[in-house]
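Read the structure below first, then the notes.
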Amino acid sequence: MNSRKNFINKKQVFPTDAIAKASSKPVFKFHSFIVIGTIMSIAFSFSSCKKDKVYQDIPNVSVNLALQLSLPEFASLNSVGNSVEIAGGYKGILVYHRFQNDFVAFEQACPYDPVEPNSFVEKDASGVIGEDKNCGSKFGLTDGHVINGPATKPLKQYTTDYDAGSRTLYIFN
5 MNSRKNFINK KQVFPTDAIA KASSKPVFKF HSFIVIGTIM SIAFSFSSCK
55 KDKVYQDIPN VSVNLALQLS LPEFASLNSV GNSVEIAGGY KGILVYHRFQ
105 NDFVAFEQAC PYDPVEPNSF VEKDASGVIG EDKNCGSKFG LTDGHVINGP
155 ATKPLKQYTT DYDAGSRTLY IFN
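Residue numbers (the working numbering): 5 to 177.
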């Protein structure tokens with residue numbers, strides 16, 4: 005009977021009571037952690053914001069040109085490594101004679117800030133690098149890749165097709 009007395013005198017704890025007592029405080033802490041964590045994440049994201057450059061795409065302009073390389077204004081394109089700047093595209097087109105019978109044509113609008121009026125790519129003194137003197141970006145004229153500067157996108161390239169028989173270079177998009 006003594007064992008029965010010990011059993012009756014002990015406070016009985018039901019499993020649901022134990023769960024309620026154990027979970028009431030941690031649930032509050034967990035919710036507080038979520039709320040505080042969310043607030044801190046938002047605060048850090050705003051504090052780390054700076055006025056980054058917002059890229060704008062170069063406006064699409066129809067290009068369909070035929071250059072007669074026998075004409076004096078395009079005579080320099082008869083030699084590999086030479087380039088010319090011509091009217092067309094959005095801000096002009098830079099044409100580069102890459103290899104024998106192989107030409108590339110790039111939009112002169114700088115991909116860093118194409119709508120900026122003073123921002124355009126022109127060949128430098130070497131003739132193999134295009135440079136935007138407004139933002140300082142430099143590009144390789146063999147394929148339009150970024151050499152340095154704030155620009156991260158390559159030059160916009162147009163399609164070219166050269167007819168060696170008629171010495172005509174077609175540039176189009």
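Every residue gets a Cβ at the ideal spot worked out from N, C-alpha and C, and that includes glycine.
Quick caveat, the model's predicted, so the values are computed rather than measured.
Limits of the unbroken beta strand (DSSP E) element including residue i
i	result
Ala-109	106-111
Ala-70	68-72
Gly-131	Element bounds for Gly-131: n/a, residue is neither H nor E.
Ser-123	Looking at the DSSP string, Ser-123 is not in any beta strand (DSSP E), and its letter there is neither H nor E.
Tyr-116	It is not in any beta strand (DSSP E) - Tyr-116 carries neither H nor E in the DSSP assignment.
Ile-78	One detail in the question is off: residue 78 reads as Phe in this sequence, not Ile. Careful: Phe-78 lies outside any beta strand (DSSP E) and carries neither H nor E.
Residue nearest to residue i in terms of C-alpha spacing, selected from the options
i	options	result
Asp-165	Leu-69, Lys-157 and Lys-127	Leu-69
Pro-118	Ile-175, Phe-176, Asn-177 and Ile-62	Ile-62
Gly-85	Tyr-174, Gly-140, Tyr-116 and Gly-144	Gly-144
Ser-80	Thr-163, Ser-170, Tyr-100 and Gln-161	Tyr-100
Val-108	Ala-168, Pro-154 and Ser-87	Ser-87
Glu-89	Pro-121, Ser-170, Asn-152 and Glu-135	Glu-135
Asp-128	Glu-77, Lys-160, Leu-98 and Asp-106	Leu-98
Lys-137	Ser-123, Asp-167 and Gly-169	Ser-123
Lys-95	Glu-120, Ser-170 and Tyr-174	Glu-120
Ser-170	Gln-60, Pro-154 and Leu-75	Leu-75
Check whether residue i and residue j have beta carbons under 7 Å apart
i	j	result
Val-132	Gly-93	no
Gln-104	Thr-172	no
Tyr-116	Ser-141	yes
Val-125	Cys-114	yes
Arg-102	Thr-146	yes
Gly-148	Phe-176	no
Residues sharing a beta bridge with residue i, DSSP
i	result
Glu-89	Leu-98
Asn-64	Answer is none; Asn-64 lacks a bridge partner.
Lys-142	Glu-135 and Asn-152
Asp-165	Tyr-174
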